[in-house]
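For reference, the structure discussed in these notes is given below.
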Amino acid sequence: MWRRLIWIKMGANRDSQDAVDLLHGKTNLSVRWDAVVKRTDSFQSLTRAPDTGTDLPETTHPAAPVEIQVWLFGNLGGPRVTNPLTLHFAEGCSMRGVLDELGRRLGPEFLRTVVSENGEPFNTCRISLNGELAKDLATPICVGTSTASVEMILFREIEGG
Amino acid sequence: MNVGVSEVRSQRDDVWIPSSCALCYCDCSIRVHRVDGTAIKIEGDPDSALGKGRLCGKGVSGLMSHYDPNRLTVPLRRTNPKKGIGEDPGWKEISWDEALDEIATVLKRVRAEDPRKLFIQRTTTVLAVSVPITSFAAAFGTPNLSASGGGLHCGNAAHHVSGVMHSSWSIVPDFEYCNYAIYFGASKGHSAGHAATSNMKLAADARTRGMKMVVVDPMCNYASAKATEWVPLRVGTDAALALAMCNVIVNDLGMVDGPYLQSRTNAPYLIGPDKLYVRERQTNKPLVWDTSVEAARPFTDVAAENMALEGDYEANGVRCQPAFQKLRDHLKKFTPEWGEQVSTVPAATIRRLGSEFAHEARIGSTIVVKGVTLPYRPVAAIAFRGAQGHMNSLYNFVAVDLLNQLVGAADVVGSCLGYNPVCDGHPETGLPHYVPTAEPDGIMKVGLWRGFHLPYPPVNARMPETIGLQDVFPLAMGSPFVESDDQDEFWEKFELPYRPEVMINWGSNLVLSVANRESIARTLAKYKFMVSFDLFLTETSNFADIVLPDLGYLQQLDSRTSYPFYWCSHPAGMGDWSWNIRQPVLPPDGQQRGFQDVLAELVDRIGIRADYNAAINARLLFKPDYRLQGDRRYSWEEICDADLKNNFGPQRGLDWFKERGVISWPKKPEEIYWRPFLEVRVPIYWEFLVTVGEQTAAIAEPRGLKIPREYYEPLPNFLPCLSHCCKKPDFDFTGFYYRDAIHTNSYTLENAWLDEAAQLDPYSYTIAMNADVGRKKGLHDGASVWLESETGRKVKGRLKLMQGMHPEGLGIAACAGHWSEGMPTAKGKGVAYNELLEIDWHHCSPVNLNLDLCVRLKVSLAEGSR
Amino acid sequence: MRRGMVIDLKRCTGCYACQLSCKAEHGTPPGVFFARLLKREEGQYPTVRQLFLPVLCNHCENAPCVDACPTGASFKWEDGTVDIDADKCVGCRSCMMACPYSNRYYNDGPQNYYEKGATAYERARVSRHQTGVVMKCDFCRDRVRSGKQPACVANCPTVARYFGDLDDPNSEVSRLIKERGGFPLHPELGTKPSVYYLPP
């Protein structure tokens, strides 16, 4: 049964049961904010993976040896880097492995520039794998017999407007 | 002379060409009528959501900006090495080859030494510049970019907080359904600002439909002039009013949307004595108190309706409370009487506004939009530049948005909306697509952003890489340190490992737009070499070594002018998506060249083509079919063509868009009212601020810079500006500036039609003062007066006495007061408010570095005035 | 058929787009505005608002300017639009003295906005206007004859302006006047304007 909405008067004792019920959504006068849209109504399309990243190709040998060519651009590159750097992984790797290896070769300062303290790449560091934005650093890079190609560049954006 | 035009004139032409406006950053779609090679009219494009077929006064006047005979047409080289205000640069004309040779030589040297020595400024007027300029900067290897005054003044809080709370650049009422909107220092739909013209019809519809519009503003102009209720307040005290209203809603009325707070905010997260989340030891997840089992459990494991919002608990061996309890207790001190004392808004008004807002929110109600049932909260509290341009920048904005969060009026029908935080893409391609996600603490992370850092989660503070020191202050966006009086001291203090030597300026006029001219001039004169891409010789161009004549917007090509949709151009709410482009209607005049082509030329001369291609690929998210390859040269046309096909399919390249100007498709309710569909939370308790403050202090304090921790508390406060603390006798006024509907930044003052309209307007070029206060001081309408700041800076102007001004306020419009000979229409018009501003650590917010833009002033009659 | 305009003062936000789109359509010289915007404060602090009043020629049914004109240069079309035949105008300005709304302009000032001379736009547009004669709004006659709305109506960003047939009781302009209590400026003068305003 629907009751008329009870207006809570100004200066009401905040311990009044009406206020508490409203606070916790326990009154049946109204619909809980989070109950209006049911999970089954969820707009599937909204939560699909962004098209800017793709699933990495899978082969039947995820631990197979893989060769990766890395191009570093902008101030990730510079005179000390000759593109491409070629990395060999005897038992497969992920993008995280690639970053770790680059850190070993180029020094911790390189990693600090690219990866934050929580281990994730900065928003401003764009990493692409085989021409697509790399979305998941943990997924194994499996390319069969061909060479994977990784590009990295650092952006700094302009604020304001 | 004008080779291009004669090509156009070879046969009679009478065409309407679709493009986009660039008199401000709103990029409304336009159609330009060109007859026999001359553009004779600009109108809107009814097929576009940008403007909906109409244009503001600036947009229709674009012809005068284009055809201004003072436009630069040849590259210029300074011959007088001395740089300063009033120094004649001794311009001589040079060829493009000479110019590019010299620039490339300098840039090659700098890149070999340290690419960070290059600093790039751009104007906020034209957003599409972002792609080539940020790509150039990334390829070159410099992190130093800035958006001049428009960036520093406008939105360090507005954009950052909108990003944290609404995954967008700014916030706006859902005009179509809102019943009660309260504006704090904002004019959405009534003046300039994001999606200005598109919002004008929406706002007019809302008001005529009966939306109550309450406008909190020291001045009654634009939105406040049309308000159902104008609420004047002391300049810069928006947080005081908002916090007192929050107190009324939470503690007096108890009218909050508990379920929203439980399910979509960190209100139930347990907070320990260290002000931080209490976390589960194994997983590090924030804990909440599960009322169904009376125990603390990770937030992911508890149904929202069982999360306690109040009470005292023990978890992990510490006393703790839900964040909402902390907020409720914190708000108690912000009584309406306190609010009145700080803001001058009467306590009774504060109570009434709080009550109205809470009641109009209709907590618990639903509505159906296009067949989708959604929460209905038809109230919106919005803020923009006026509220956040203060020392208390961050808290002012947080406090205003807190009103929305308390009643669940966030990105649902009728409520406060972010500007298009979610896009599901064109029906045929699914692009562009972006949507916010939750990071490990469950707090929302934006789907798309342009920034040094994401608004959330904040990066750890670090020793600086940039001259703006944004690494030390991770919540900062624009920074005063790129031009401040104390920049050398701070660079030294923070061991910046290099010093900037070269500046590329794209169209900004920082001498006029940032702060007082002396300070900016000092900074500019330090640069060993400066290149300025300009339309006119501005006050800033006069510090350049080389000035390059740029194309105007009627001559430019850009594949993305209304995108990104969360940024400054695209209207929010239901309707259509419209992606528009800009295309040349008129050829270059004289030796004007498009800056995109010039940058590409420099890229080749410096030898960074492969880097630039990689940057463009990354910036525009090119799929493999469209990626630029290796170090191959691509024209700007080719890149634009690829951008469009990449997003809209191979049949919709540049030619397709040149014919139509825009592609539109309908928005879906789930895109606009996205929040119920996503399991993301926003902070009503800014727990992370504590950690940011500690990290910043850990770097700054050993180096002698005290970080005032009151700015890093997790709950908002009112913290006074310098103007609020001034006790000097005779300094009775607080000055502020505001956007004029007919002007953009410092650019349009040169437009003869806009200047003419401004001369007829009572406020555009005057200093507005409360009439009763003025008369008591013996001042009269039209009197010539000096305004003097506490530090002795002065500007002169004519008074306009008006009823619609707070007794302490002095309002100045636009970024006026030009003195450059290169802009003769603009010269001497209006008042250069920024002359009154100091620029250093003491005059900016210690948490987000927004400049404090209000100034305590003394007024005196100028000589010769009656 | 009597062409008329309705301006909704509730919607108008004083943005000057009408004044400027009119100027852009007709290329009027400096100081000449067929459409203008006036602003006025109402109330006393703190209860204040502003009235934004766009004005233009009212195309009066009893046009005093037409009566005053000695040469017949000022005349009315069949649809009620008041216009000026520039070839017949001798610049006596009797019409300007007769018009109680100050909506006529005498074109004797500088024709260009810049000291450096006429721009390409001004050469194409401003030069069409004869000097030494009076000029005014003609309800964008050329646009209307080709099926468009007057420039100020088509462009108003708040959609505050409407144009149509006042003699048709079912037209949008007629309905708005009836439903919203539309009123002309200075009705006591007996000029019977064809421009109506809806209350703010």
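Listed in order, the protein sequences are those of chains D, B and S.
Those letters in the first sequence? Residues 0 to 160, by numbering that gives the first Met the number 0.
Those letters in the second sequence? Residues 0 to 865, by numbering that gives the first Met the number 0.
Those letters in the third sequence? Residues 0 to 199, by numbering that gives the first Met the number 0.
Note that the Cβ used here is the ideal one computed from N, Cα and C, for glycine as well.
{"Query": "Residues bridged to D/F88 (per DSSP)", "Result": "D/V65"}
{"Query": "Opening and closing residue of the alpha helix (DSSP H) in which B/W90 lies", "Result": "It is not in any alpha helix (DSSP H) - B/W90 carries neither H nor E in the DSSP assignment."}
{"Query": "Contact residues within the region 648-676 of chain B, judged by C-beta distance below 7 Å to chain E", "Result": "Included in the structure are the protein chains D, B and S, with no chain E among them."}
{"Query": "Listed by chain order, chain S residues near B/S60 by CB distance under 7 Å", "Result": "L19, A23"}
{"Query": "Between the CA atoms of D/C124 and B/K284 - distance to the nearest angstrom", "Result": "27 Å"}
{"Query": "Cβ shell of B/L453 (< 7 Å), same chain only, five flanking positions each side left out", "Result": "K444, V445"}
{"Query": "Stretch-stretch touch, CB-based, cutoff 8 Å, three pairs: the region 601-616 of chain B with the region 693-702 of chain B", "Result": "no"}
{"Query": "Sub-9 Å separation of S/S193 and S/R1 beta-carbons", "Result": "yes"}
{"Query": "Continuous beta strand (DSSP E) assignments of at least 3 residues falling wholly in the region 61-138 of chain S", "Result": "73-75, 81-83"}
{"Query": "Endpoints, alpha helix (DSSP H) assigned at B/A617", "Result": "608-618"}
{"Query": "Any 3 or more C-beta pairs closer than 8 Å across the region 732-739 of chain B and the region 479-499 of chain B", "Result": "no"}
{"Query": "Other residues of its chain near B/F535: CB distance less than 7 Å, five sequence neighbours each side excluded", "Result": "N69, R70, L71, E749, G821, M822"}
{"Query": "CB contact check: S/R122 to chain B, cutoff 9 Å", "Result": "yes"}
{"Query": "contact_flag[the region 642-651 of chain B, the region 235-243 of chain B] where n(CB pairs < 8 Å) is 3 or more", "Result": "no"}
{"Query": "Proximity winner among B/P587, B/G43, B/Q595, B/S844, relative to B/E709 (alpha-carbon distances)", "Result": "B/S844"}
{"Query": "Unbroken stretches of the beta strand (DSSP E), 3 residues or longer, contained in the region 665-750 of chain B", "Result": "732-737"}
{"Query": "Contact set for B/A127: own chain, Cβ-Cβ below 7 Å, skip 5 residues either direction", "Result": "D557, R559, T560, R581"}
{"Query": "Supposed close pair B/A48, B/S663 - CB separation, criterion 8 Å", "Result": "6 Å"}
{"Query": "Own chain residues within Cβ distance below 7 Å of B/R296, not counting five before or after", "Result": "L286, V287, D289"}
{"Query": "Cα-Cα separation, D/G102 to D/V113", "Result": "10 Å"}
{"Query": "Within-9 Å CB hit, B/H65 to chain S", "Result": "yes"}
{"Query": "Contact check, B/A243 vs B/I349, beta carbons under 9 Å", "Result": "yes"}
{"Query": "DSSP-derived helix/strand/coil call for S/L8", "Result": "coil"}
{"Query": "Selected residue, minimal CA-CA separation from S/A16, among B/L835, B/S819, B/A740", "Result": "B/A740"}
{"Query": "Member of B/D67, B/L619, B/L677, B/G506 whose CA lies at the smallest distance from the CA of D/L132", "Result": "B/L619"}
{"Query": "C-beta neighbour in chain B for S/C88, strict 9 Å", "Result": "no"}
{"Query": "DSSP-derived helix/strand/coil call for B/R263", "Result": "helix"}
{"Query": "Amino acids of chain B, ordered along the chain, whose beta-carbon sits closer than 7 Å to that of S/N154", "Result": "E42, G43, R53, L54, V59"}
{"Query": "Outcome for B/L856 when other beta-carbon atoms lying within 10 angstroms are tallied against a minimum of 16", "Result": "buried"}
{"Query": "Residue-chain proximity (B/Y179, chain S), Cβ-Cβ < 9 Å", "Result": "no"}
{"Query": "Chain B contact for S/A119 (CB, 9 Å cutoff)", "Result": "yes"}
{"Query": "According to DSSP, residues forming a beta bridge with S/E41", "Result": "S/R48"}
{"Query": "Touching by the beta-carbon criterion (3+ pairs, under 8 Å), the region 523-532 of chain B and the region 499-509 of chain B", "Result": "yes"}
{"Query": "Spatial neighbours of B/R521 in its chain, beta-carbon cut-off 8 Å, leaving aside the 5 residues before and after", "Result": "D484"}
{"Query": "Beta-carbon spacing of B/A222, B/I683 below 9 Å", "Result": "no"}
{"Query": "Own chain, CB closer than 6 Å to B/K795, minus 5 neighbours either side, in chain order", "Result": "W785, A861"}
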